[in-house]
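See structure below.
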Amino acid sequence: MQRIGVFVCWCGSNIAAAVDIETVVQAMKSEPGVVYSTDYQYMCSEAGQGKLKDAVKEHGLTGIVICACSPRMHEATFRNAAKAAGVNPYMVEIANIREQCSWIHRDRAEATAKAVVLSRTAVAKVNLNTPLTPGTSDVVKRALVIGGGIAGLQSALDIAEAGYQVDIVEKQPTIGGKMAQLDKTFPTLDCAACILTPKMVDAAQHENIRIYTYSEVEQVSGFVGNFSVRIRGKARSVKADICSGCGLCMEKCPSKKAKDEFNMGLNNRRAIYIPFAQAIPNVPVIDREQCIKFKTGKCGLCARVCPADAVDFEQQDSIIEERYGAVVLATGFHTLSLEHYDEYQYARQPDVITSLELERIMNAAGPTGGKLLRPSNGKAPKSVVFVQCVGSRDTTGCGKTYCSKICCMYTAKHAMLIREKYPEVDVSVFYIDVRTPGKNFDEFYRRAVEDYGVRYIKGMVGKVVPEKGRLLVRGSDLLDDSQVALEADLVVLASAVEADASAKGLATLLTASIDTNNFYTEAHPKLKPVESPTAGVYLSGVCQGPKDIPETVAQASAAAVKVVGLLSKDKLLSNPCIARADELLCSGCSNCEHVCPYGAVSYIEQELRIHGRNQIRRIAKVNEAICQGCGACTVVCTSGAMDLRGFSNSQIMAEVDALCR
Amino acid sequence: MHQNNNYLVETAAQISGVNPKSCMKCGKCTASCPAFDDMDLSPHMFVSMVEAGRIRELMESTSLWKCLSCFACVERCPRGVEPSTLMEAVRLMVIRKQGGHRISADEIPELLDKRIPQQALTSAFRKYSR
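Respectively, the protein sequence lines represent chains Y and E.
Be aware that the first sequence starts at 201, since it is given in our numbering, and climbs by one per residue.
Be aware that the second sequence starts at 223, since it is given in our numbering, and climbs by one per residue.
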């Protein structure tokens, strides 16, 4: 028989306001096995843990029930306290009377009754708990970073600098991500390329970093400390090891009709191309859908002019298999497609552009050489109108419900840069709210208004109408309670930030969770902001939620520190709550083998003594180093042979009995 | 009949099914409204006055009868607030108080303007007759 101590936490008023603590304490005293029951204001505090340790000594406790917050919050805390008091950590059970009780019930009597039931359920389980000892597993001293934008690069560089191997997988032909497309960066207006390209070079030249561009993660198995990953390197059709990057192939390529993705489709590129001059690697790629050779079999001009003989039309995708201790997700974002916002005429009017397109137009390396020109006729605009919150803060399903966070600042930047370079151009901004929290951010926005004469109009644009070669922007000015109609030559839409399309698939591959907007969920919104709930998977940059470059870099470094902390360990304690097959009960049906997501179950032939006779039986065997304790096998086992330590069938039935009592 | 203010607020909410609290004061409704020039209260004001419980003032406004029911504001509102639906609700409240028809089919031909869209006519009947 166990000697169980029950500790009911008030959590300040979080629990005590809705649950009558004394009733729970008294009710537990008559539960089987309970020898001690008490309460405290904050069980997780040092004093609370001290109370637990004292009670273990005084009452010779063998099992402990903490009635408090979710086990995700403090299970580890109380297991450690139990261990320090000489009780096996797995003899501790948590009754969640906060998230699952006090926070969701208003009626005190109901909440108290539920708290009693939840607590006695935990007591019933502890009565059947057995001490467990975790095993250990090795840590592969190599990290995988998925995404080669500023977030991925920063994480990779920090991990590499700490002395560990890192691989970056980037699906585009070059690293650099969205930041490579930007012109200037707020609030200091330093040029994006000047601060990004050196980092790209650092990553490419670092002895601890390998970069796989034009590649995607295809399969992931394993667990924290030991992920096995299959990466598909798409065929570039150019041999990267012998190409000198001279660019002759691109000059001669007769296929010139593909939209230049890097320039947001504002101009065309060749079928064989490098996204931009500072691309890493500086190796062209053939767009097989555009290439005349691939489409018709004729041409091959690039191969003929290549002095290094590097063009290879026969090249196949390559498959890389590698093991990693940790994975950093840095998949970034794209901007919302505007098909649901017909009123702005984005699809029909070339002079209605997105902010990212304006970045390319303003960029010295962009399609206009940095000159502000209208895409329709190549002439200089006299008036530019910005529209903020296009697709952000939209609850109708056309856009995104959240604030995209960066648009207020980049719009102020664009407005200011235009007024700086072209003082004769009128610049107006339609805004709903101007949100500028951040160091020197509000000052930056005010400079646009006060020093640069940008006209900020509190209101929204209803529609954009083409009129006599210009655009008539119909909007509201709410402070003036009027309608305004502005003539514009260029309309710039701050389209919402959206998680990259690859995020969802990768979340499935890694069993990392995502929210309704496909942003990766952090393990705790405040205390574990760079960890995914899946052990060994970390989050870096906009893939976790909209953020600007300084925040992205800070988060990328934070994720790197977590990775380094993990890789610096030689062994990891593994979860002892894993499956075990009872060989005498096993019927050899193979259900468990088929359902196991980790490949931890295999079947062996073993000689067993059954009813006084030796028989050869085919039985399930669990590889304890691989089993993650998900419990799928116990569910499908028809003969009841599979059992999960710490969550045994008998423990769960005891809980159900206590619930139904 | 005496109508207290709570009753008016609840009725407006009940008829329209609109929650004016979801409005984020962006002004896209006012920006989109083709009848704005004839209105004494702009569409965004209409929404915020419903939110503030100032229904009686709205029932007396001219905006109520100038709204074309073109639904541009409903179509473009990023928060699903539907200002025009709110207007329709308050209009109905006025009409229910008055009783009777304000317009009959016989009067239509002489009032007809070629530029009036079909939808506005349908809407007018809904608005002005019981």
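All residues carry an ideal CB built from backbone N, CA and C; glycine is no exception.
Any chain Y beta carbon closer than 8 angstroms to residue i
i, result
"E:S254", "yes"
"E:F258", "yes"
"E:S238", "no"
"E:K247", "yes"
"E:L334", "no"
"E:P339", "no"
"E:A235", "no"
Cβ distance (whole Å) where residue i is taken to contact residue j below 8 angstroms
i, j, result
"Y:G662", "Y:F630", "Actually they do not touch by this definition, with Cβ atoms about 10 angstroms apart."
"E:S291", "E:E279", "Not quite, the Cβ-Cβ distance comes to about 21 angstroms (not below 8 angstroms), so this is no contact."
"Y:N426", "Y:S355", "Rounded, the Cβ-Cβ distance is 20 angstroms, inconsistent with contact."
"Y:S848", "Y:G335", "Not quite, the Cβ-Cβ distance comes to about 18 angstroms (not below 8 angstroms), so this is no contact."
"Y:V483", "Y:V417", "Not a contact, Cβ separation roughly 21 angstroms."
"Y:D700", "Y:T531", "5 angstroms"
"Y:R342", "Y:G205", "With a Cβ gap of about 45 angstroms, Y:R342 and Y:G205 do not count as contacting."
"Y:G840", "Y:L766", "Between Y:L766 and Y:G840 the Cβ distance is about 37 angstroms, and since that is not below 8 angstroms, they are no contact."
"Y:M243", "Y:V234", "That belief does not hold up - the Cβ atoms of Y:M243 and Y:V234 are roughly 17 angstroms apart, past 8 angstroms."
Within-8 angstroms CB hit, residue i to chain E
i, result
"Y:S676", "yes"
"Y:Q151", "Outside the displayed range of chain Y (201 to 861) lies residue 151 of chain Y, so it cannot be described from this structure."
"Y:R593", "yes"
"Y:T596", "yes"
"Y:M464", "no"
"Y:K571", "no"
Contacts around residue i, its chain only, beta-carbon distance under 6 angstroms, and the 5 residues preceding and following it disregarded
i, result
"Y:A285", "K253 and V256"
"Y:L678", "K658 and G659"
"Y:A685", "L672 and R674"
"Y:C186", "Nothing can be reported for residue 186 of chain Y, as the shown portion of chain Y is limited to 201 through 861."
"Y:S421", "S428"
"Y:T595", "T601"
"Y:G465", "K459"
"Y:P729", "E722"
"Y:S518", "G433"
Same chain, Cβ closer than 7 angstroms to residue i, five either side skipped, listed in chain order
i, result
"E:K177", "For residue 177 of chain E there is no data in the structure shown, the boundaries of chain E being 223 and 352."
"E:D262", "S283, T284 and S285"
"Y:R845", "L332, P776, C777, I778 and R780"
"Y:I826", "Y798, G799 and A800"
"E:S306", "C289, S291, F293, C295 and V296"
Proximal chain E residues relative to residue i, where beta-carbon distance stays under 7 angstroms
i, result
"Y:E543", "R298"
"Y:K600", "Within chain E, no residue comes near Y:K600; the closest Cβ sits about 10 angstroms away, beyond 7 angstroms."
"Y:V661", "A253"
Chain Y residues whose Cβ lies nearer than 7 angstroms to that of residue i
i, result
"E:K243", "Those within 7 angstroms of E:K243 in chain Y number zero; the least Cβ separation is about 12 angstroms."
Per-residue contacts from residue i into chain E (C-beta, under 8 angstroms)
i, result
"Y:I632", "M246, K247, C248 and G249"
"Y:G578", "Under the 8 angstroms cutoff, chain E gives no residues; its nearest Cβ is about 30 angstroms from Y:G578."
"Y:C830", "Per Cβ cutoff of 8 angstroms: no residues; Y:C830 is ~40 angstroms from chain E at best."
"Y:C589", "C248 and P300"
Nearest to residue i (by Cα), restricted to the options the options
i, options, result
"Y:E407", "Y:K399, Y:Q365 and Y:C792", "Y:Q365"
"E:F293", "E:W287, E:E304 and E:P300", "E:E304"
"Y:V801", "Y:A820, Y:R809 and Y:Q815", "Y:A820"
"Y:Q828", "Y:E855, Y:F423 and Y:K579", "Y:F423"
"Y:Q545", "Y:R560, Y:I618, Y:V665 and Y:T496", "Y:V665"
"Y:G578", "Y:I561, Y:C837, Y:G591 and Y:D594", "Y:I561"
"Y:P750", "Y:T708, Y:G497 and Y:G638", "Y:G638"
"Y:K771", "Y:V340, Y:N329 and Y:E275", "Y:V340"
"Y:S190", "Y:Q806, Y:C598 and Y:L328", "Outside the shown range of chain Y, which is 201 to 861, sits residue 190 of chain Y, and nothing can be said about it."
"Y:L709", "Y:E698, Y:V527, Y:I411 and Y:R203", "Y:V527"
"Y:L261", "Y:R655, Y:M291 and Y:E222", "Y:M291"
"E:L308", "E:D328, E:G249, E:I277 and E:I338", "E:I277"
Interface residues of chain Y facing residue i [CB-CB closer than 9 angstroms]
i, result
"E:R301", "R593, D594, T595 and T596"
"E:S264", "S676, L678, D681, S682 and Q683"
Test: residue i CB closer than 8 angstroms to a CB of chain C
i, result
"Y:K283", "The structure shown contains no chain C; its protein chains are Y and E."
Proximal residues to residue i (C-beta, below 8 angstroms), its chain only, five neighbours per side dropped
i, result
"Y:S270", "I294, N296, R298, E299 and Q300"
"Y:L318", "C267, A295, N296, I297, Q300 and C301"
Residue i: CB within 7 angstroms of a non-hydrogen atom of the ligand COA
i, result
"E:A346", "Although the ligand COA was asked about, the structure shown includes no ligands whatsoever."
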